[in-house]
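First comes the structure, then the notes that go with it.
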Amino acid sequence: MSTIVSLPDQSTARIPKRNFITNENGLMSWLLTGDHKRIAILYLISITFFFFIGGALAGLIRLELLTPQSDLMASDTYNKVFTMHGVIMVFLFLVPSVPATLGNFLIPIMIGARDLAFPKINLLSWYLYLVGGAMTLGAMITGGVDTGWTFTTPMSTHFSNTNVITTGLAIFVAGFSSIFTGLNFIVTIHRMRAPGMTWFKLPLFVWAHYAASILMVLGTPVLAITLVLVVLERTIGIGVFDPTKGGDPILFQHLFWFYSHPAVYIMILPGMGVISEVISTFSRKRVFGYTAVAFSSVAIAVFGFFVWAHHMFIMGVSNYAVLVFSLLTMLVAVPSAIKIFNWAFTLYKGSITFETPMLYAFGFMGLFTIGGLTGVFLGASGTDIHLTETYFIVAHFHFVMVGGMLMAFLSGVHFWWPKMTGRMYPEKISQLAAVVTFIGFNFTFFPQFLVGMLGMPRRYAAYPHEFQVLNVFSTAGASILGVGYLLPMIYLIWSLKYGEIAGNNPWQATGLEWQIQSPPLTENFTTIPIVTQDVYDYEWLERQKEHEVTHVG
Amino acid sequence: MSDSHAVAVAGHEEAHGEHPAYQRHHFVSMEQQNETVSFGMWLFLLTEIMFFGGLFTAYLIYRNWYFPAFVAASHTLNLWEGTINTFVLISSSFTMAMGVWCAETKRSKGLIWSLIGTLILGGVFLGIKYDEYHEKYELHHIPGEIFHFNSQGFVHPSAEALKGGEKPLAPDMAAKTEVYFSLYFAMTGMHALHMIIGIVLLCGMLWKASHGGYMNGHIAFVENFGLYWHFVDIVWIFLFPLLYLISRHA
Numbered sequence: 001m002s003t004i005v006s007l008p009d010q011s012t013a014r015i016p017k018r019n020f021i022t023n024e025n026g027l028m029s030w031l032l033t034g035d036h037k038r039i040a041i042l043y044l045i046s047i048t049f050f051f052f053i054g055g056a057l058a059g060l061i062r063l064e065l066l067t068p069q070s071d072l073m074a075s076d077t078y079n080k081v082f083t084m085h086g087v088i089m090v091f092l093f094l095v096p097s098v099p100a101t102l103g104n105f106l107i108p109i110m111i112g113a114r115d116l117a118f119p120k121i122n123l124l125s126w127y128l129y130l131v132g133g134a135m136t137l138g139a140m141i142t143g144g145v146d147t148g149w150t151f152t153t154p155m156s157t158h159f160s161n162t163n164v165i166t167t168g169l170a171i172f173v174a175g176f177s178s179i180f181t182g183l184n185f186i187v188t189i190h191r192m193r194a195p196g197m198t199w200f201k202l203p204l205f206v207w208a209h210y211a212a213s214i215l216m217v218l219g220t221p222v223l224a225i226t227l228v229l230v231v232l233e234r235t236i237g238i239g240v241f242d243p244t245k246g247g248d249p250i251l252f253q254h255l256f257w258f259y260s261h262p263a264v265y266i267m268i269l270p271g272m273g274v275i276s277e278v279i280s281t282f283s284r285k286r287v288f289g290y291t292a293v294a295f296s297s298v299a300i301a302v303f304g305f306f307v308w309a310h311h312m313f314i315m316g317v318s319n320y321a322v323l324v325f326s327l328l329t330m331l332v333a334v335p336s337a338i339k340i341f342n343w344a345f346t347l348y349k350g351s352i353t354f355e356t357p358m359l360y361a362f363g364f365m366g367l368f369t370i371g372g373l374t375g376v377f378l379g380a381s382g383t384d385i386h387l388t389e390t391y392f393i394v395a396h397f398h399f400v401m402v403g404g405m406l407m408a409f410l411s412g413v414h415f416w417w418p419k420m421t422g423r424m425y426p427e428k429i430s431q432l433a434a435v436v437t438f439i440g441f442n443f444t445f446f447p448q449f450l451v452g453m454l455g456m457p458r459r460y461a462a463y464p465h466e467f468q469v470l471n472v473f474s475t476a477g478a479s480i481l482g483v484g485y486l487l488p489m490i491y492l493i494w495s496l497k498y499g500e501i502a503g504n505n506p507w508q509a510t511g512l513e514w515q516i517q518s519p520p521l522t523e524n525f526t527t528i529p530i531v532t533q534d535v536y537d538y539e540w541l542e543r544q545k546e547h548e549v550t551h552v553g
Numbered sequence: 554m555s556d557s558h559a560v561a562v563a564g565h566e567e568a569h570g571e572h573p574a575y576q577r578h579h580f581v582s583m584e585q586q587n588e589t590v591s592f593g594m595w596l597f598l599l600t601e602i603m604f605f606g607g608l609f610t611a612y613l614i615y616r617n618w619y620f621p622a623f624v625a626a627s628h629t630l631n632l633w634e635g636t637i638n639t640f641v642l643i644s645s646s647f648t649m650a651m652g653v654w655c656a657e658t659k660r661s662k663g664l665i666w667s668l669i670g671t672l673i674l675g676g677v678f679l680g681i682k683y684d685e686y687h688e689k690y691e692l693h694h695i696p697g698e699i700f701h702f703n704s705q706g707f708v709h710p711s712a713e714a715l716k717g718g719e720k721p722l723a724p725d726m727a728a729k730t731e732v733y734f735s736l737y738f739a740m741t742g743m744h745a746l747h748m749i750i751g752i753v754l755l756c757g758m759l760w761k762a763s764h765g766g767y768m769n770g771h772i773a774f775v776e777n778f779g780l781y782w783h784f785v786d787i788v789w790i791f792l793f794p795l796l797y798l799i800s801r802h803a
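Protein chains in written order, with our numbering: chain A, 1 to 553; chain B, 554 to 803.
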């Protein structure tokens, strides 16, 4: 199989002596760092930790659903398990996954800056994330919470006697971590670009993060105040959402989904940014319709704010609202489709190679498309009434979030691993992991579309016997998926010591990050670059190399 | 910056020859640093608008639903104290603006006195607010079971709550005053919390100013705090008419 990987001669190659990892030593130099690359690594470790906790909870859910009776755990325990799975995966993994790790590491380098605009706030955001995470774990250990990650009132305010307050405050704190990340990105992208780095020379990864940051900055504060009101309702008993006092529980849902719908775009947009970079690199072509892809990110961010009520079609909102929100929901499909089509056209007549990041990216394109199209079923108010609150919706958002976002995250981690660590991951086994993940994923979640279509409701520990076959498929798939996630964990750690030396630009990619050493210097660039070449300009890269060869020769 | 090989740790403020000591390593020029910092602050204030926006939305909806209850409950607020507080807060914005100007023009004494003035006025605001809360406590107008919220006063014509002269409410509408007071405490409480955070920051700034700080032209913190203080002021400028004035008619 052809490959574009070009590594330096392994017998002579060395990891650069001076880089951001070796620059300073000691635990404190990490815990008090302002370096965006080190903070990205800190985030990567902590996010992976929470991912595996959330994953273990998912494993428990699938085990329980292996049989129709609730035999592994009682129903109230099951409620707590799926709630903690949702809370951890949404707020502690998906929202910060790509932005806080890859985005943090790459955005300053991609735009030719030495750091994010506010390094201390960046570090603060990591600590807030940790505090939020610790509070969530604390709530879990001391009895858990059983409202579902949506904290639906009046369940969360009146009827649940679990740790709603601690979990709510944990998300409040973690929310500020997200706000600060988004704020940092927007300011950095506006003010820190290198000379010559105009808006339309920005990599699409940066555009996607810009759009996601707008959502973080404008959406998250609304979630924050909503959770404050829930906490006040539980503690002193104010009556904003309490129907017995004249409050309206539906208002809670409006406010909650005003954040939590845009939040799914916070989760997916950075992943789309990763896919744009990967597809372009491994087909050796400029992304087709660069401007359209860039603006589609912004369009998703803007439309994303006006579709929230499609989560509430069966909750008693007015029919006219349903009509309008149904229409607006369909509109979001347009910019999403623009991206998918443009990636497909980027592949067209490209010189495609199938390294691991590209395999994950293909996985993303297929699974995200299925996830997106089934979203149209749910956006159409008629079918939604049948399908919502069934396993169909569970399958839908797992296709988008796990099939889409997690694939993109793994694609990005593999793609930039050589840049972050200076070493290659082992190619063959990682290709295997990508394929295993894809197969395991489909085994897990495709049956859930069917079982949801047949009417199996979500969030129950027990179900009628006729659904068992599909649930067994799903649980079996989950075990394959688990292997698919453990493999990268193992071989990536292995590669830290034994991986091949990657050199500056193993993929022969065009981005600024590939023109500097791996791992980068603490200051990224010894001199701030002046950007003259266009984005994804592979001819420019070829000329660079020819120039180098003649120079050396 | 091409000659910079400084150890690039954030907060590591090292003089780079031609650069002032307070220029952070990752900025090319002081101008870029100032623009960036001020842009960041404006963006933060935008998130604050969204934060209060959720409360204003709730207010808007419930005011439409329970208009008579909002009118009646609004009448029980202490208009005098609210008005005085509005003047106190606007005055504190003035002293804060003076403080920023003094820092810009390097008037050390002026800065210190402006900050002291802002601090005192902020404290007076919170004191008056405390008195208002206390009054609500005595009237059982704090929502929730712990504080024994009581809407009876809005039903009986002779009640304390109806001194403003408006008509008594039907019992079911009178019960909705609890929604009004829920919003009143959530909104003014969040505002007061912002004031308290502001006062803490003010104390730190005052300490630094009294030790000769902010006189080298690097006044980003003073400027940004000024923006924050004015923002908190503006939130009150919206809260005051919405909660105290808008339902008051003869």
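Beta carbons are placed, not taken as given, at the ideal position from N, Cα and C, and that holds for glycine.
Separation of the CB atoms of Leu512(A) and Pro488(A) is rounded to 26 Å, and the pair is thereby denied contact status at 8 Å. With contact defined as three or more Cβ pairs closer than 8 Å, the segment 453–465 of chain A and the segment 532–543 of chain A are not in contact. Residue contact with chain B for Val240(A): present (Cβ-Cβ distance below 7 Å to some residue of chain B).
Leu692(B) has a beta carbon lying at 7 Å or more from every beta carbon in chain A.
By alpha-carbon distance to Trp654(B), the top candidate from Tyr797(B), Pro794(B) and Ala773(B) is Ala773(B).
In the three-state reduction of the DSSP assignment, Pro16(A) falls in the coil class, being assigned neither a helical nor a strand state. The beta carbon of Glu776(B) does not come within 7 Å of any beta carbon belonging to chain A, so the residue lies off that interface. Listed by position along chain B, the residues whose Cβ is nearer than 8 Å to that of Arg191(A) are Gln585, Glu588, Thr589 and Phe592.
One Cα belongs to Ala739(B), the other to Ile266(A), and the distance between them is close to 28 Å. For Ile236(A), the secondary structure class from DSSP, reduced to helix, strand or coil, is coil. Apart from sequence neighbours up to five positions away, the residues of its chain that approach Asp146(A) with a beta-carbon distance below 8 Å are Asp76, Asn79, Lys80, Thr83, Ser160 and Thr162, ordered along the chain. Three or more beta-carbon pairs separated by less than 8 Å are not found between the segment 309–320 of chain A and the segment 279–299 of chain A, which leaves the two stretches without contact.
By the rule that beta-carbons nearer than 7 Å mark a contact, Lys689(B) does not touch chain A. Pro520(A) sits in coil when the DSSP states are folded into three classes, being neither helix nor strand. For Thr527(A), the secondary structure class from DSSP, reduced to helix, strand or coil, is coil. Contact note: Thr181(A) does not reach chain B at a C-beta cutoff of 7 Å; the least C-beta distance is about 12 Å.
Between the alpha carbons of Thr532(A) and Thr198(A) lies a distance of about 10 Å.
Contact between Phe449(A) and Leu367(A) fails: their C-beta atoms lie close to 12 Å from each other, not under 8 Å. Proximity of Leu496(A) to chain B, defined by a Cβ-Cβ separation below 7 Å, is not satisfied. Within the segment 215–227 of chain A, Val217, Leu218, Gly219, Thr220, Pro221, Val222, Ala224, Ile225 and Thr226 place their CB atoms closer than 8 Å to a CB of chain B, listed in sequence order. For Ala625(B), no CB of chain A lies under 7 Å from its own CB, so it is not counted at the interface with that chain.
By a beta-carbon distance limit of 8 Å, Phe288(A) does not contact Thr150(A). Their separation comes to about 38 Å. The C-alpha of Phe438(A) lies about 8 Å from the C-alpha of Leu481(A). Less than 7 Å separates the beta-carbon of Leu204(A) from that of Gly273(A).
Per the C-alpha coordinates, the member of Pro794(B), Leu792(B), Glu776(B) and Ala762(B) positioned closest to Arg660(B) is Ala762(B). Assignment of Thr22(A) by DSSP, reduced to helix, strand and coil, places it in the coil class.
In the structure shown, the three-state DSSP call for Thr390(A) is strand. Nearest neighbour of Pro519(A) by Cα position, chosen from Asp9(A), Gln10(A), Ser6(A) and Arg14(A), turns out to be Arg14(A).
Under a 10 Å Cβ-count criterion, Tyr485(A) is classified as buried, with 16 or more other Cβ atoms of the shown protein chains found around its own Cβ.
The C-beta separation of Asn184(A) from Leu92(A) comes to about 19 Å, leaving the pair out of contact by the 8 Å criterion.
For a Cβ distance threshold of 9 Å, residue set Ala611, Tyr615, Glu731, Val732 and Ser735 of chain B lies close to Gly247(A), ordered along the chain. Along the length of the segment 60–127 of chain A, whole alpha helix (DSSP H) runs at least 4 residues long occupy 75–87 and 104–110, reported in chain order.
Within its own chain, the residues whose Cβ lies closer than 7 Å to the Cβ of Pro464(A), once the five positions on either side in sequence are excluded, are Pro68, listed in chain order. Only buried fits Gln586(B), as 16 or more other CB atoms lie within 10 angstroms of its CB.
Only buried fits Gly237(A), as 16 or more other CB atoms lie within 10 angstroms of its CB. Per DSSP, the beta bridge partners of Arg423(A) are Ile501(A).
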